[in-house]
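Participant: Residue numbers for the sequence shown follow our numbering, beginning at -11 and rising by one. Think of the CB as a built atom: it goes at the ideal place given N, C-alpha and C, for glycine as much as any other residue.
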Amino acid sequence: MAAPILELKGIERSYREGEGRLTILKDATFSLKPGEMVALVAPSGAGKSTLLHLAGLLEAPDAGEVTIAGRACGRLSDDARTAIRRNEIGFVYQFHHLLPEFSAEENIMIPQMITGMAPAEAKQRAGQLLDYLRVGHRASHRPAELSGGEQQRVAIARAVANAPRVLLADEPTGNLDPRTAGYVFDALEALVRQSGLAALIATHNHELAARMDRVVTLDGGKVVPWKG
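1. Assuming Ala30 and Thr205 form a contact by the criterion Cβ under 8 Å, report the distance between their Cβ atoms to the nearest whole angstrom.
2. Given a threshold of 16 other Cβ atoms within 10 Å of its Cβ, counted over all protein chains shown, does Arg146 qualify as buried or as exposed?
3. Quick one: residues in its chain with C-beta nearer than 6 Å to the C-beta of Arg63, no 5 flanking neighbours on either side, listed in chain order?
4. In angstroms, rounded to a whole number, what distance separates the CA positions of Gly137 and Pro160?
5. Quick one: residues in its chain with C-beta nearer than 6 Å to the C-beta of Gly52, no 5 flanking neighbours on either side, listed in chain order?
6. I'd like the list of long-range same chain contacts for Trp214, defined as Cβ closer than 8 Å, with 5 residues on each side in sequence excluded.
7. Output yes or no for whether 9 Å exceeds the beta carbon distance between Ala92 and His129.
8. With distances taken between CB atoms, is the gap from Val154 to Ser183 smaller than 9 Å?
9. Buried or exposed: which applies to Ile189, given that a residue is buried once 16 or more other Cβ atoms fall within 10 Å of its Cβ?
10. Grab the span of the alpha helix (DSSP H) containing Gly170 for me, first residue to last.
11. Which residue wins for smallest C-alpha separation from Pro131, given the options Glu94, Thr38 and Leu(-6)?
12. Between the Cα of Gly33 and the Cα atoms of Leu10, Gly23, Ala127 and Leu46, which residue gives the shortest distance?
13. DSSP three-state call for Arg9: helix, strand or coil?
14. I'd like to check one pair, Asn150 with Arg74: are the Cβ atoms closer than 9 Å?
15. Roughly how many angstroms separate the alpha carbons of Pro166 and Met25, rounded to a whole number?
16. Report buried or exposed for Gln116, applying the criterion of at least 16 other Cβ atoms within 10 angstroms of its Cβ.
17. Helix, strand or coil for Val29 per DSSP?
18. Using a Cβ-Cβ cutoff of less than 6 Å, which residues in the same chain neighbour Leu87 once the five nearest sequence positions on both sides are dropped?
19. Work out the CA separation of Glu7 and Ala169 for me, nearest whole Å.
20. Is it buried or exposed for Asp119, if we count other Cβ within 10 angstroms and need 16 for buried?
21. What span of residues does the alpha helix (DSSP H) with Lys36 cover, start to end?
22. Assign Arg4 to one of two classes, buried (16 or more other C-beta atoms within 10 Å of its C-beta) or exposed (fewer than that).
23. According to DSSP, which residues form a beta bridge with Glu0?
24. Of the choices Val80, Asp67, Ile12 and Leu20, whose alpha-carbon is the least far from that of Ala57?
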């Protein structure tokens, strides 16, 4: 059985609220294995985004540990965490956040070139990803010239451009109509299964959540199985 690629162990996270503190996560424990798709379903304000930020090393926990590929990451320096995010973690958000002045292809090339990849090689991989996600014919178009579904597929391609091992998605189909959302999810699922990515996907779409390997929620600051 494959070892988890992402583990959260006894995570605690709270924020200052007035003169007190608001506890969001309390002894939260969770693991994600290669090739696994897990849905995170919880009401707004329950802490989904906080959990994703901690898993993606965008925040540090107050207590507990975040482990990626067996490496404890919660107390690393900002530079070390940035390097891990760049190489091991891909992010997809509800809004695509593509750079408007660059083409779809260039948006995917940029994160690869930041890591030192040659432009020609980055261009080739960008083309392969766009073709795989069935938007290769839109490679030269800027985000404003793409449909919502096309923009989100380009955002997915950008997220996996550096071949990360963990994909974290926060409502990736939330801005799309049901038909387009289903198509984007199909593309995302195919990519995860083919590449062996480990994916944690926060969603309010229960139909899409039911298609994943398992569904979890947040209850009292803990990660627990979702009962439906």
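Facilitator: Judging by the given coordinates:
1. Position 42 of the sequence shown, counted from the first residue, corresponds to residue 30. Position 217 of the sequence shown, counted from the first residue, corresponds to residue 205. That belief holds up - the Cβ atoms of Ala30 and Thr205 are roughly 5 Å apart, short of 8 Å.
2. Here residue 146 refers to the residue found at position 158 when the sequence shown is read from its first residue. By the neighbour-count rule (16 or more Cβ atoms within 10 Å), Arg146 is buried.
3. Working through the sequence shown from its first residue, we reach residue 63 at position 75. So the list is empty, once near-sequence residues are dropped.
4. Walking along the sequence shown from the start, residue 137 turns up at place 149. Walking along the sequence shown from the start, residue 160 turns up at place 172. Spanning the two alpha carbons is a distance of roughly 10 Å.
5. Numbered from 1 along the sequence shown, position 64 holds the residue referred to as residue 52. For Gly52, where only same-chain residues beyond five positions count, the Cβ hits under 6 Å are Lys(-3), Gly(-2), Ile(-1) and Glu0.
6. Stepping through the sequence shown from its first residue, residue 214 is reached at position 226. Excluding positions up to five away in sequence, the list reads Ala27, Val29, Ala197, Val203, Val204 and Thr205.
7. Numbered from its first residue, the sequence shown carries residue 92 at position 104. Numbered from its first residue, the sequence shown carries residue 129 at position 141. Against a cut-off of 9 Å, the Cβ pair of His129 and Ala92 comes out as a contact.
8. One-based indexing of the sequence shown puts residue 154 at position 166. One-based indexing of the sequence shown puts residue 183 at position 195. Not in contact: Val154 and Ser183 (Cβ atoms no closer than 9 Å).
9. If you number the sequence shown from 1, residue 189 lands on position 201. It counts as buried.
10. What you label residue 170 is simply residue 182 of the sequence shown in a count that begins at 1. Start and end: Pro166 to Ser183.
11. On the sequence shown, position 143 is the one that residue 131 refers to. Ranking Glu94, Thr38 and Leu(-6) by Cα distance to Pro131 puts Glu94 first.
12. Along the sequence shown, one-based indexing puts residue 33 at 45. Gly33 has its Cα closest to that of Leu10, out of Leu10, Gly23, Ala127 and Leu46.
13. Stepping through the sequence shown from its first residue, residue 9 is reached at position 21. Arg9: strand per DSSP, three-state reduction.
14. Sequence index remark: in the sequence shown, residue 74 carries index 86 (1-based). Sequence index remark: in the sequence shown, residue 150 carries index 162 (1-based). Against a cut-off of 9 Å, the Cβ pair of Asn150 and Arg74 comes out as a contact.
15. Looking up residue 166 in the sequence shown gives position 178. Looking up residue 25 in the sequence shown gives position 37. The straight-line gap from Cα to Cα measures roughly 20 Å.
16. Against the sequence shown, residue 116 aligns to sequence position 128. By the neighbour-count rule (16 or more Cβ atoms within 10 Å), Gln116 is not buried but exposed.
17. Here the question's residue 29 lines up with position 41 in the sequence shown. Secondary structure of Val29 (DSSP, three-state): coil.
18. As a working note, residue 87 is residue 99 in the sequence shown. The residues Asn95, in chain order, have a CB closer than 6 Å to that of Leu87 in the same chain once the five nearest residues on each side in sequence are set aside.
19. Looking up residue 169 in the sequence shown gives position 181. Looking up residue 7 in the sequence shown gives position 19. Near 42 Å, if we compare the C-alpha coordinates of Glu7 and Ala169.
20. By one-based count along the sequence shown, residue 119 stands at place 131. Per the 10 Å Cβ criterion, exposed.
21. Translated into the one-based positions of the sequence shown, residue 36 becomes position 48. Counting along the chain, the alpha helix (DSSP H) containing Lys36 begins and ends at Lys36 to Ala43.
22. The residue you call residue 4 lines up with position 16 of the sequence shown. With fewer than 16 other Cβ atoms inside 10 Å of its own Cβ, Arg4 counts as exposed.
23. Walking along the sequence shown from the start, residue 0 turns up at place 12. Glu0 pairs with Ala51.
24. Sequence index remark: in the sequence shown, residue 57 carries index 69 (1-based). The shortest Cα separation from Ala57 among Val80, Asp67, Ile12 and Leu20 belongs to Leu20.
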